[in-house]
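To start, the structure itself, in structure tokens.
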Amino acid sequence: MDVFAYKDGRRQSDFSIQFENIFFVIVPSCLFLLFGPWRIFWLARQRPSATSENLLRWKSVVINVAYCAIELSLLVIYLKQDKNGISITANTLLVLDAVAICILSWYEHWRSSKPSSILGVYLLFTAMTDIVRIRTLWLLDDTALGSLLTASLAIKLVMIVLEETAKTSTHREKSHQVMDQVSGIYGKSLFWWVNGVLRQGYHKTFVLPDLSSLDRRMMAEHLVARFQVYWTMFGNRPGRLILVSLGLIKWHLPSTIAARVLVVGFNICQPLLMEALLNFLQNENERTNVGYGLLAAFALVYLGMAVFNGIYYRKVYQSATTIRGGLIANIYKSTLHRRATIEDDSKALTLISADVDRVSNSMRFMHEFWAEPLQVAIATWLLQRRVGVSFVVPIIITLLTTLGVSFASRWTRVYQEKWMSAIQSRVGASSAVLSSMEALKMTGFTQSSSIIIKQLRETEVKAGKSFRWLEALTATSAYLPALLSPPITFAIFVAVSSAEYDVSRILTSLSLLQLITQPLSSLFQVVVPFVGAFACLTRIGSYLEAGDPESEGLSLEGASVRDESVMHNDDSNGVALVAPRTRLLPMREQESERLSIIIEDADIGWNTSTAVLHNLHMTFSTSSFNFILGPVASGKSTLIRAILGEAKVIRGSVVSLWSAFGYCDQKPWLQSATIRKNIIGYSTYDPNWYATVLHVTCLDEDIRVMSKGDQTPVGDSGTALSGGQKKRVPLLPNALVLEGINIKPDSALQQEEAPTVHVPETVKLNRGNATDAAVFLYYFRSIGVLSLAAFLMLTTSFAFFSVFPTIWLQWWAEAGNNASLYLGVLTHDLGIIDSELPELLLDLVCAYVPLIGLLWAIQKIYLRTSKQLRHLELEAKAPLYRQFTETLAGLSTIRAFGWEEKSIATNNDLIDQAQRPYYLLLMVQRWLSLVLDLITAGITILVVGLAIALRDSDSTGSVGVALLNIMSFATYTRLVVVLWSSTETALGAVSRIMTFEESMHLETTPDVLSPTTPTTLGAGPIIFTNVSASYSSPSNPSAPPTLNSISLTIAPGAKLGICGRSGSGKSSLVKTLLRMLDISTGNISISGTSITPIPPNLLRQSITTVTQDPWFLPGSVGFNLDTTGTVPHEEMIEALQKVGLWHIFAPLGLEVTMNEKVLSQGQKQLFCLARACVRPKKIVILDEFTSAVDTETENLMLDVANQAFKESTVIAVAHHLNTIKDYDIIIVMDKGEIVETGQPGELLERQNSRFREMVGGGR
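Going by UniProt numbering, the first residue of the sequence shown is number 1, and it counts up by one from there.
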């Protein structure tokens, strides 16, 4: 077949009609007729889609019928003109194609929710080939066929637009549709759907409901199910989690690999086209048509590179988002099925934040590890054909560099794990400090906790230095091939080769070197992060495997615990995991109607080696009240945990008839939600029963005085509630459980009075205030001037020395050419300068000014949207992390109530919510990269077009250098976008910290201390003079007062007890004295000094406060007793002996790391009392410090306190009223006022005394 010439000899450089009919018509038609009917058959079996685009469907019908008529007319004309068989065959197939298009288009609009990819690809490809066919027909003066085919092309373009139009669902709002998925193949490939996002982000401030939903395959619920299938499938195979991750994205892999291969092909075409162009420019005898063909080839390559790069990265980002969602969802699920004592909470938090982020970020470069070597291999072969033996230079340099990077990467895992461990320690400490912030502030230990967090942060930074030095070393090695290969290669080429070196050979070789060295540089830079990501995957995999039932040595033989399995020996973790199925113990006759819990010959503990409870034999009947009594640390909580399935049954069995329990932990579990949400939990809301429960627990009175009622947020860890409310609110879900078993530790049964609820001010980030320049400036200030100057100098030097060798090689190549060039300079070129240059400069300015304006408009639109999305992505993660933290605190409660599945469903929703801005930000960043690539393609086409049109006047070397720099520009542009995408996320974190710091409402502190302000305070007197206070804040300046005109005098050394009903203001009175509540009117003085000018932290350090909520800091036992390090060990040991705790710490001493988990709740309060005894102050505040102990231990604590604080002024908020019966004075509060004052004996004898009434009522 003659491809490039007609038989009449005309147009030797064009395709023949025979070739056009076969490859432009018959081949694509056959492929369409092969896949089209299969698609029609599949759609015919689907349900009609919910689409409102009926008008679009009928428009398509009209256009498709018109297209059929034109194709039929073309076939008739061909038959009348008695054309050859190939032409008739081709047009017959086109008619069949038109009929198939009509049918397929109808079904696509009727049965599919997104545009047809088959139609889109076929119509666009044939539209491009029709342009070639139309040109051929018009050049042959075939007017009839040319006119009809031109009309066919016009209709086909309309068909493409109609078929690519996204369809709007009638059942979902457009903003909630998966716009990425309802778009057509070209809308996806060109990121056309992102234009709507950018337009919306330019005109308004984004909120989460504005963002489109995720594709179902990327939603957490779907990922959890698929993850579990692959997790089970791969069993204990090495690299189990890696295989599972690949399984999650297996449907993305074929298209991702295909797009990446095409990108490699387009990259390889660049130097080949440049070589052809330079040869064309040097050969003045070459016909201009060849140049136009080269121009078309350049356009095809650069446009294809832009489009398929976009397709590739879209698939890569979808894969990264999928893996990210799957890992977070399954870490949460695994956490729910782990015993609360297996791991430190901070490990799980670090996994879902630092580890998952590193994995998802590194997964973006996963395919580069095979694609870049493929490109390097092909480019090396092409380089060998041009420079001969010199091609080994980049190979040798690369091999040496690879060996160095490989050696260095051996330490990556070690340094990464060390760094992650330091992060985990800092996160754990921060979480502990934040959860106990109120108690730390009351006790004056905020400065100590700040120092600890700062030290841990410094340790973290120090631990990360080795990893960062390794990254720096790898990055330096990565650029060595790019910097050293060109000069050494050409030096050897000149020395050993006799071949002529001209501009074409040198610049083509240089472009090939660029294709070898730049990918290797990029690849080496991601080696360390990628290896680090594998270390993170290993950590996550170990965590998930430890949560498997099989890993905990469970046996399904014997009776069931709850509704699952007997707990047996566990050699790995010491805790039994509940299997998710119901298997009830067979009972005998009447016993099955009465007994609900059976414990037989059981040894129970927290590990397999030590039993806390021995030889237990007991049963619990249904519909009965049972009380477990015993001193502190006798094993009461361990028994309850065993019944719940939390503790380890070493021997025997613990069997329950029930699948769920009502349970209230000693440490109240509260979610950061409303009061109603915390009461209902995941149960069904019954208004009547809900109101009854509130009334029975007296919470209705508390809620009545709240401005938002039961919709009042409780704050983080219940900071907006009093101690009593914190215990009663978690108790209420048990009352809502109408059947089963309710378990309540003693501390949950005690009553407490509460102040008026105060909702702390929420810090809201204003996403529009902090500009990128301000954020960078804020960050650079933290770096330091010298470091910043060195950074700027080194980066500037690197940029110069990276670009200059290319220019130098051009000078060298042109200097080596013949001297006849100088004659041209003196004659022809001067004429060009005089006649053509002014006009060309004017055209150039006219061309580039709009280009600069376009770039400015693009960055303005892009930055406004991306900035919002990056802030929204960070803010959307906050609820996810908060729920994770709350779940860790309430694991036992969630499992007891059987709320695991509902909790997982909530977590899945939060993951999807966090994934939406994350994925959309990646797509917007990819849109920017595509736009820049298209601009690069436009510049390339412009440069090549000018070079072809003006080839008599342009310098070949200049054109080559320009194309070489365009290649570099395109490569670096893609790299910059990838790096900027990561930088944007990091900038969002910096901006978030900066805004948080600026908007944080700090405690009032005087700028300068008065010279007369004492640094220590005496024992009193403490005088309240007409004091009023409220929980006002900038967001709530008109909050009602919680204290009203309080006047009170406490003599030095006096013992004052405070009591009153819920909401009376007891805690507010204490907080006002500690300056945690600002005084509205009046004054408080201690020893004649007003507390107002005293810094809050200094004031609190001068007072010993023992709170009802125990707290601990990271560090040793001794440090937790005395953070100053000034108290002798003997005194600390004596304090521990007084409270009966020294036997616990004696084996390892005071220097051992404090692990509060070995202490019961009562022992924790004993430890806090020992801390207070170590450094007693002249004023002591006791805030329900015996709330979690039995009567015997309470008496011990009272004796210790009376002895240790006998010389101090003591203010006690009473929980048990008998604890203050021997105090000097009692005050009773109600509604923020003191309603009764007197000595205990006097008040008990007084008729109508409120104190007497409270004592008589057991309150």
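In this text, a Cβ means the ideal position worked out from N, Cα and C, and glycines have one as well.
Residue of 733, 718, 1104 and 518 minimising C-alpha distance to residue 689: Here the question's residue 689 lines up with position 689 in the sequence shown. Considering only alpha carbons, the answer is 733.
Residues bridged to residue 1059 (per DSSP): Position 1059 of the sequence shown, counted from the first residue, corresponds to residue 1059. Answer is 1228, bridged to residue 1059.
Residue 1232 at chain C interface by Cβ criterion, 7 Å: The displayed structure is made up of one protein chain only, and chain C is not part of it.
DSSP-derived helix/strand/coil call for residue 271: Against the sequence shown, residue 271 aligns to sequence position 271. Helix, per DSSP.
Ordered list of beta strand (DSSP E) runs contained in the stretch 288-322, each at least 3 residues: none
Residue 797 versus residue 788: straight-line alpha-carbon distance, rounded: Residue mapping note: residue 797 aligns to position 797 of the sequence shown, counting from 1. Residue mapping note: residue 788 aligns to position 788 of the sequence shown, counting from 1. Rounded to whole angstroms, residue 797 to residue 788 spans 14 Å at the Cα level.
Paired residues, beta bridge with residue 709 - DSSP: Taking the first residue of the sequence shown as position 1, residue 709 is located at position 709. For residue 709, which the question treats as bridged, DSSP gives no partner whatsoever.
Residue 355, buried or exposed, once every other Cβ within 10 Å from all chains shown has been counted against 16: Here residue 355 refers to the residue found at position 355 when the sequence shown is read from its first residue. Answer is buried; the Cβ neighbour count reaches 16.
Bridge-paired residues (DSSP) for residue 605: Stepping through the sequence shown from its first residue, residue 605 is reached at position 605. According to DSSP, which records beta bridges pairwise, residue 605 is partnered with 611 and 648.
Cβ pair residue 1027, residue 1086 closer than 7 Å: Numbered from 1 along the sequence shown, position 1027 holds the residue referred to as residue 1027. Numbered from 1 along the sequence shown, position 1086 holds the residue referred to as residue 1086. In this structure, residue 1086 does not lie closer than 7 Å to residue 1027 by Cβ.
Enclosing alpha helix (DSSP H) for residue 541 [first to last residue]: As a working mapping, residue 541 is identified with position 541 in the sequence shown. Looking at the DSSP string, the run of the alpha helix (DSSP H) that includes residue 541 is 503-546.
The ligand GDP heavy atom lying under 6 Å from the CB of residue 161: Ligands displayed in this structure: none; no statement on the ligand GDP is therefore possible.
C-alpha gap between residue 78 and residue 36, whole angstroms: Counting from one through the sequence shown, the residue named residue 78 turns up at place 78. Counting from one through the sequence shown, the residue named residue 36 turns up at place 36. Rounded to the nearest angstrom, the two C-alpha atoms are 26 Å apart.
CB-CB length for residue 162 against residue 59, believed under 8 Å: The sequence position of residue 162 within the sequence shown is 162, counting from 1. The sequence position of residue 59 within the sequence shown is 59, counting from 1. About 6 Å separates the two Cβ atoms, so the contact holds.
Check whether residue 315 and residue 255 have beta carbons under 7 Å apart: Indexing the sequence shown from 1 puts residue 315 at position 315. Indexing the sequence shown from 1 puts residue 255 at position 255. Contact: yes.
The beta strand (DSSP E) enclosing residue 1083, as first and last residue numbers: As a working mapping, residue 1083 is identified with position 1083 in the sequence shown. Per DSSP, residue 1083 belongs to the beta strand (DSSP E) from 1079-1086.
Residue 1184 and residue 1101 closer than 7 Å at C-beta: The residue labelled residue 1184 in the question sits at position 1184 within the sequence shown. The residue labelled residue 1101 in the question sits at position 1101 within the sequence shown. Against a cut-off of 7 Å, the Cβ pair of residue 1101 and residue 1184 comes out as no contact.
Cβ neighbour criterion (16 or more within 10 Å) applied to residue 375: By 1-based counting over the sequence shown, the position of residue 375 is 375. Counting Cβ neighbours within 10 Å, residue 375 comes out buried, since at least 16 surround it.
Residues sharing a beta bridge with residue 618, DSSP: Your numbering for residue 618 matches position 618 in the sequence shown. Residue 618 pairs with 599.
Best match in 903, 482, 464 and 867 for proximity to residue 888 [C-alpha to C-alpha]: For the purposes of this step, residue 888 is taken as residue 888 along the sequence shown, with counting starting at 1. Looking at the Cα atoms, 903 is the closest of the given residues.
For residue 1254, the nearest candidate out of 291, 225, 1061 and 278 (CA to CA): As a working note, residue 1254 is residue 1254 in the sequence shown. When each option's Cα is compared against that of residue 1254, the closest is 1061.
Rounded distance between the beta-carbons of residue 25 and residue 93, thought under 8 Å: Here residue 93 is taken as the residue at index 93 of the sequence shown, counted from 1. Here residue 25 is taken as the residue at index 25 of the sequence shown, counted from 1. That belief holds up - the Cβ atoms of residue 93 and residue 25 are roughly 7 Å apart, short of 8 Å.
Cβ shell of residue 1132 (< 7 Å), same chain only, five flanking positions each side left out: Taking the first residue of the sequence shown as position 1, residue 1132 is located at position 1132. 1118, 1121, 1122, 1150 and 1174, listed in sequence order.
For residue 564, three-class secondary structure by DSSP: Counting from 1 along the sequence shown, the entry for residue 564 is found at position 564. Only weak support exists for where residue 564 lies, its pLDDT of 39 falling under 50; the coordinates are left without a value.
Three-state class that DSSP yields for residue 1024 in the structure shown: Here residue 1024 corresponds to residue number 1024 of the sequence shown, with the count starting at 1. The answer is strand: DSSP assigns residue 1024 an E or B state.
Whole-angstrom distance between residue 1021 and residue 1089, CA atom to CA atom: Your numbering for residue 1089 matches position 1089 in the sequence shown. Your numbering for residue 1021 matches position 1021 in the sequence shown. Looking at the two C-alpha atoms, the distance is approximately 10 Å.
The beta strand (DSSP E) enclosing residue 1044, as first and last residue numbers: Here residue 1044 refers to the residue found at position 1044 when the sequence shown is read from its first residue. Segment 1041-1050, the beta strand (DSSP E) holding residue 1044.
Given 8 Å, three or more beta-carbon pairs between the stretch 137-150 and the stretch 28-42: no
Contact set for residue 885: own chain, Cβ-Cβ below 6 Å, skip 5 residues either direction: Position 885 of the sequence shown, counting from 1, holds the residue named residue 885. Excluding sequence neighbours, residue 885 sits near nothing in its chain.
Residue 933 in three-state terms, based on DSSP: If you number the sequence shown from 1, residue 933 lands on position 933. If DSSP states are grouped into helix, strand and coil, residue 933 belongs with the helices.
Spatial distance of residue 1209 from residue 615 (CA atoms): Residue mapping note: residue 1209 aligns to position 1209 of the sequence shown, counting from 1. Residue mapping note: residue 615 aligns to position 615 of the sequence shown, counting from 1. For residue 1209 and residue 615, the distance between alpha carbons rounds to 48 Å.
CB of residue 864 within 7 Å of CB of residue 201, strictly: Taking the sequence shown and counting its residues from 1, one reaches residue 864 at position 864. Taking the sequence shown and counting its residues from 1, one reaches residue 201 at position 201. Yes. Within cutoff.
Euclidean distance between Cα positions of residue 596 and residue 319: For the purposes of this step, residue 596 is taken as the residue at position 596 of the sequence shown. For the purposes of this step, residue 319 is taken as the residue at position 319 of the sequence shown. When rounded, the distance between both Cα atoms is 49 Å.
Contact between the stretch 917-926 and the stretch 233-247 (3+ Cβ pairs under 8 Å): no
Separation of residue 221 from residue 1110, as counted between CA atoms: Your numbering for residue 1110 matches position 1110 in the sequence shown. Your numbering for residue 221 matches position 221 in the sequence shown. For residue 1110 and residue 221, the distance between alpha carbons rounds to 38 Å.
Residues that residue 1233 bridges to, as DSSP identifies them: Taking the first residue of the sequence shown as position 1, residue 1233 is located at position 1233. Answer by DSSP bridge pairing, in chain order: 1230.
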